[in-house]
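Q: For any residue, its number in my numbering is found by taking its place in the sequence shown, counting from 1, and adding 60.
Using N, Cα and C, we set each Cβ at its ideal position, and we do this for glycine too.
As the structure is a computational prediction, the values presented were derived from the model and not from experiment.
Before I ask anything, let me first share the structure, which is written out below as C-alpha cells.
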Amino acid sequence: RCLTQGLLYHDYGITLSLPNERLCPPVPNRSIIPLLCITLNCCDSHRYAFRLNYVLWIQDIICKFSARFSSFLPSSLTFLFLSSGTGASAIYPLLSCRLEPQWHFIATDIDECSINSARLNVNNNDMQHRIDILRVEADGPIFAPLSENSNTSFDFTMCNPPFYSSAEDIAQSAESKEFGPNSASADVEMLTPGGESAFVRRMILESIKFRTRCLWYTSMLGKMSSLFDIVALLRNHSIDNYAITEFVQGQTRRWAVAWSFGDIRLPDVSSQSFVAGSAHSLHISLMAVFQSIDGASYQEVSEDPGFLTSPLLVCAKQNTWSRSVRRKKVSIPVQTSDVGLLETQPPALRCIFGCKMGGTEQQTLVLEVNWVQGRDRPLFESFWSHVCRKLEGRLQDSELGKAMVIEDSERL
C-alpha cells in the first residue's frame, strides 16, 4: 500500500488516500514506460501492471485514429469517459487524466465508503473540474448516467468488474495461489451475482439500448472463460465491430474487450503481393484503378514511415464495382434525384491503402489495405478483391507495354 502510494506520487504526481478495508491498486514505476511499445494486441506487455495497460490500450485506440483521420471521426477536442465501479481509489480516472489532459470522466460506484474516498482523492489531486464522482444503486443500470439523461453521450466506458460470484469462488481461487492477497478488500469490490461474465453481459445488454450514445464500450476481464462468453454474446446480438486484447504480467493474464455500434473500425488489415517496377509505379496504377471506379474518391493522407509512398484514403459511397450492380445500372438509368440523395449519404466504406517492401524476390511489393469505416464486411472484401484484380491487370499491361517498346527499339 505504501509502495503504491509512493510510486503514484513520484511518477504521476497523484496523492492517494485509501481506507484500510479497501483494495489498493498496484501501479508500476514510470521508469518502465519508455520500454513499452503500445500495440493493440499488447502480447509483450508482461512487465506492466494491468491498470496502466488498460489505459494505454484505450489511449492507443484514440491516437491511431485521431492522428490520421481526425477530420472524419465524430470526436471533439475532449473525450468524455464513463468509469463504472470506480472504487475507493478512482485510479482509472486519476491515472487517465494525468496521462491525457483532454480526457474527462464521470465515475460511478454503489458503495458509500468508496464514493467518499474517491471524491477525497479527486479533490486532493485538484481534478474535480475533470472528474465527477456519482453514487448509483446496486440494482439500477450500470450505465446510469446514460439511462438518467437522454442528452448525455460518451466516447468510452471503462470498467474493471468484480471477478467472483461467491466467497467460495474466492476461496477456490486463493487455493491455487502461492501467496495470499496483498491488500484488504470488501465484498462489494470482489463479488457480484454471476461473477464478471454476468456483469459484462449486463453491460452489453444495456449498450444495445444506448447504442451510438457511446462510441466504444470497454471492460477488463480476469478469466479466459469470461472472454469466450462475452464474444459469443456479442456475436449472438450481431455486434461485429469489437476488439479483444490480452495483458500479461508474470504468470497472470487479463483481457480487455471493446465493442461499438458505430462504423469506425479498429485496425483491420489485409495485404496482397504484386510485382511492379517500383513503389511509384504501383502507386500511380493504384490511383488509376480508383479513378475508374464510379463514385469512389481518394486523397493522400499524412506520410507514414512504414509505407514507401503516401497512403491513400479511399471513400466509396455505394457498391458500383460488382458485375450485378453494373448490369443493373445499364438496364435502369440512374435518376438525377438519386444522385442528389447519394451525395448526402454517409460512405459505405473508407479504407487506407499503402505500399510496403515485399519479400526477397526482386520487384515484389506488398499492398496493404486497412478497413477503417463501414458496417458491411462482404462489401469491403468485394471492393478489395476488385481493386486487386484491376491493379494486377494494369501492372501486367504496363509490363507488356514496356516489353514491346524494348523489342521495337532492338529491331530499329
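Would you say residue 317 and residue 287 are within 8 Å of each other, going by their C-beta atoms?
A: Going by C-beta atoms, residue 317 is nearer than 8 Å to residue 287.
Q: Do you know whose CA, among 307, 185, 353, lies nearest residue 382's CA?
A: Taking only the C-alpha atoms, the option nearest residue 382 is 353.
Q: Can you tell me which residues form a DSSP beta bridge with residue 203?
A: Per DSSP, none; premise fails for residue 203.
Q: How far does the alpha helix (DSSP H) with residue 280 in it extend, from its first residue to its last?
A: Not the alpha helix (DSSP H): residue 280 falls in the beta strand (DSSP E), residues 274-281.
Q: Can you give the beta carbon distance from residue 455 to residue 345, rounded, assuming they're within the 8 Å contact cut?
A: Yes, residue 455 and residue 345 are in contact; Cβ-Cβ is about 6 Å, under 8 Å.
Q: Could you tell me the boundaries of the beta strand (DSSP E) in which residue 196 lies?
A: That residue, residue 196, is in no beta strand (DSSP E); it is neither H nor E in DSSP.
Q: List the endpoints of the continuous alpha helix (DSSP H) containing residue 160.
A: That residue, residue 160, is in no alpha helix (DSSP H); it is neither H nor E in DSSP.
Q: How is residue 151 classed by DSSP in three states: helix, strand or coil?
A: Residue 151 falls in the helix class under three-state DSSP.
Q: According to DSSP, is residue 409 helix, strand or coil?
A: Looking at residue 409 - three-state DSSP - the assignment turns out to be strand.
Q: If I measure Cβ to Cβ from residue 264 and keep anything under 8 Å in the same chain, skipping five residues before and after, which residues do I get?
A: Excluding positions up to five away in sequence, the list reads 277, 290, 293, 294, 297, 299, 319.
Q: Using the three-state DSSP reduction, which class does residue 377 fall into: helix, strand or coil?
A: Looking at residue 377 - three-state DSSP - the assignment turns out to be coil, as it is neither helix nor strand.
Q: Tell me whether residue 417 sits in a helix, a strand or coil according to DSSP, three-state version.
A: Note: residue 417 maps to strand in three-state DSSP.
Q: Taking the alpha-carbon positions, what's the residue 438 to residue 371 distance?
A: Cα-Cα distance, rounded: 23 Å.
Q: Where are the alpha helix (DSSP H) runs, 4 residues long or more, that stay fully inside the segment 277-329, in chain order?
A: For the segment 277-329, whole alpha helix (DSSP H) runs of length 4 or above, ordered along the chain, are 284-296.
Q: Starting from the Cα of residue 120, find the closest Cα among 145, 154, 160, 151 and give me that residue.
A: Comparing Cα positions, the closest option is 160.
Q: Go through its chain and collect everything with a Cβ distance to residue 170's Cβ below 8 Å, but skip five positions before and after it.
A: Correct list, in chain order: 145, 195, 196, 197, 198, 248.
Q: Please return the same chain residues whose Cβ sits closer than 8 Å to the Cβ of residue 101, not counting the five positions on each side in sequence.
A: Since pLDDT at residue 101 reaches only 37, below the 50 mark, its modelled position is unreliable, and the value read off the structure follows with that caveat. Closer than 8 Å at Cβ, skipping near neighbours: 305, 306.
Q: Report the option in 328, 324, 218, 168 whose CA atom is closest to the CA atom of residue 281.
A: Of the candidates 328, 324, 218, 168, the one whose C-alpha sits nearest the C-alpha of residue 281 is 218.
Q: To the nearest angstrom, how far is the alpha carbon of residue 445 from that of residue 271?
A: Going by the C-alpha atoms only, they are around 31 Å apart.
Q: Please work out which residues of its chain come closer than 8 Å, Cβ to Cβ, to residue 273, disregarding the five sequence neighbours upstream and downstream, and give them in chain order.
A: Cβ within range, chain order: 206, 212, 213, 214.
Q: Across which residues does DSSP place residue 356 in a beta bridge pair?
A: The partner list for residue 356 (beta bridge, DSSP) reads 376.
Q: Within the continuous alpha helix (DSSP H) that includes residue 64, where are the two ends?
A: Taken as a continuous stretch (DSSP letters only), the alpha helix (DSSP H) holding residue 64 covers 62-72.
Q: Under 8 Å by Cβ, that's how I've got residue 407 and residue 375 pegged, so tell me the actual separation to the nearest angstrom.
A: With 8 Å as the limit, residue 407 and residue 375 qualify as a contact, their Cβ atoms being about 5 Å apart.
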